[in-house]
Each structure stands twice: as structure tokens, then as C-alpha cells.
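**Q**
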Amino acid sequence: MYPQTAYSITTLTPQQPTPHAPMLPHEIPPGVQMVTLPGGMRTLAYTAQQAPPAPPIPVAQPIPVWAKTTALLTPTVGGGVAAAGIGLSYAAPGLIAMTDALWATVALIAAAAIGVPMLLRIGRTTAAGKSSTHITQNISATGMFGKANGTINHH
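Residue 187 in our numbering sits at position 64 of the sequence shown, with consecutive numbering throughout.
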């Protein structure tokens, strides 16, 4: 078997913390500092927090010229658009009548383009009911650059 070794068992006695145990710097909580008292003793103490610096007072900046111009033009352009809309609303009946008149004019021109040649053709055939004149023309030339001769016959 195994040899048995005797061990002595001791109990740890609780230790009292020392009153002036130094703390490490990373253990010191925020707002607490190590201070030296007038008697020369060093201890931890709460220190008065310094007030954060006041934010700087904003200085008024001049308004750029382009912003002033835009601000002045905005109501003018808006008023112009509004006036144009009102004008179109008043002119709408007249514009509708003008489009109707234009369509009537287009229809009249189309009818005239078709009707006038027909009327002329009808008028020519009734006026020329007696006999019509036929003209024939004969042209002849010899060679490529030869002089051309022609005759006109009335029948």
C-alpha cells in the first residue's frame, strides 16, 4: 500500500485590519483624494468638485447675402405663382372657347382642302360640256447632243 504521511493542521486566526492601510491609486473612488492634514498625517478625503467651465457665449454671426436674397425672393416667386394660378383660373373659360374655335378652324380648313378641288372639278366639266381641246406635243432629237424639234397639234 501507500505510505501514509502525517500532516499537521493549523487554523488561521482572523486578523484585524490595520487602521492606516495604504490604498492603491486605482482603488481610490472618484471624488476622493489623498490629502495631508496640518499635523502631517495623510488621509483620504472628499474634495470639492470644480464646477465645469461655462460654455462659451455664442457670438452672433452675420447673415450671408445669398440667404438674404433668397429670403426676399421667396415671397415674390410664391406670389407670382399664385397670381399665375388665379389668372389661369379666370382665363380657363376663354381658353376652352379658343380651343373650340381652333378645332372649328382646323375642320373648316380640312373641308376646304377637300371641297374646293371637288367644286372646281364639277365646275370645269359643266362649263366644258361642249368639247374639250386636246393638245399633243411631239418632240424628237437625233444623237446625244442633237437639236430637238417639236410640233404642237391642237385637236
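Note that CB positions come from ideal geometry on N, CA and C, so glycine has one too.
Whose C-alpha, out of Val182, Pro185, Met146, is nearest the C-alpha of Ala168?
**A** If you number the sequence shown from 1, residue 168 lands on position 45. Ranking the options by Cα distance to Ala168, first place goes to Met146.
**Q** What is the DSSP secondary structure of Thr265, counted as helix, strand or coil?
**A** Within the sequence shown, the letter at position 142 stands for residue 265. Here Thr265 sits in coil by DSSP.
**Q** Sort out for me which residues DSSP pairs Met157 with in a bridge.
**A** Here residue 157 refers to the residue found at position 34 of the sequence shown. Per DSSP, Leu167.
**Q** Is the closest heavy atom of the ligand ZN to the C-beta of Glu150 under 6 Å?
**A** The ligand ZN is not part of this structure, which contains no ligands at all.
**Q** On the three-state DSSP scale, how would you describe Thr199?
**A** Taking the first residue of the sequence shown as position 1, residue 199 is located at position 76. Reduced to three states, the DSSP call for Thr199 is helix.
**Q** Distance, Cα to Cα, Ile237 vs Ala230?
**A** As a position in the sequence shown, residue 237 is number 114, starting the count at 1. As a position in the sequence shown, residue 230 is number 107, starting the count at 1. Going from the Cα of Ile237 to the Cα of Ala230 covers about 11 Å.
**Q** Run through DSSP, which three-state label would Thr259 get?
**A** Within the sequence shown, numbered from 1, the residue matching residue 259 stands at position 136. Thr259 falls in the strand class under three-state DSSP.
**Q** Look up Ala271 in the DSSP assignment and give the residues it is bridged to.
**A** Here the question's residue 271 lines up with position 148 in the sequence shown. Partner(s): Ala264.
**Q** How many angstroms separate the CA atom of Thr166 from the CA atom of Pro176?
**A** Taking the first residue of the sequence shown as 1, we reach residue 166 at position 43. Taking the first residue of the sequence shown as 1, we reach residue 176 at position 53. Cα to Cα, the separation comes out at about 29 Å.
**Q** Can you give the Cα-Cα distance for Ile232 and Leu242, rounded to whole angstroms?
**A** Within the sequence shown, residue 232 is the residue found at index 109, counting from 1. Within the sequence shown, residue 242 is the residue found at index 119, counting from 1. Each residue's alpha carbon lies about 15 Å from the other.
**Q** From the DSSP secondary-structure annotation, give me the bridge partner or partners of His277.
**A** Taking the first residue of the sequence shown as position 1, residue 277 is located at position 154. DSSP lists Ile258 as partners of His277.
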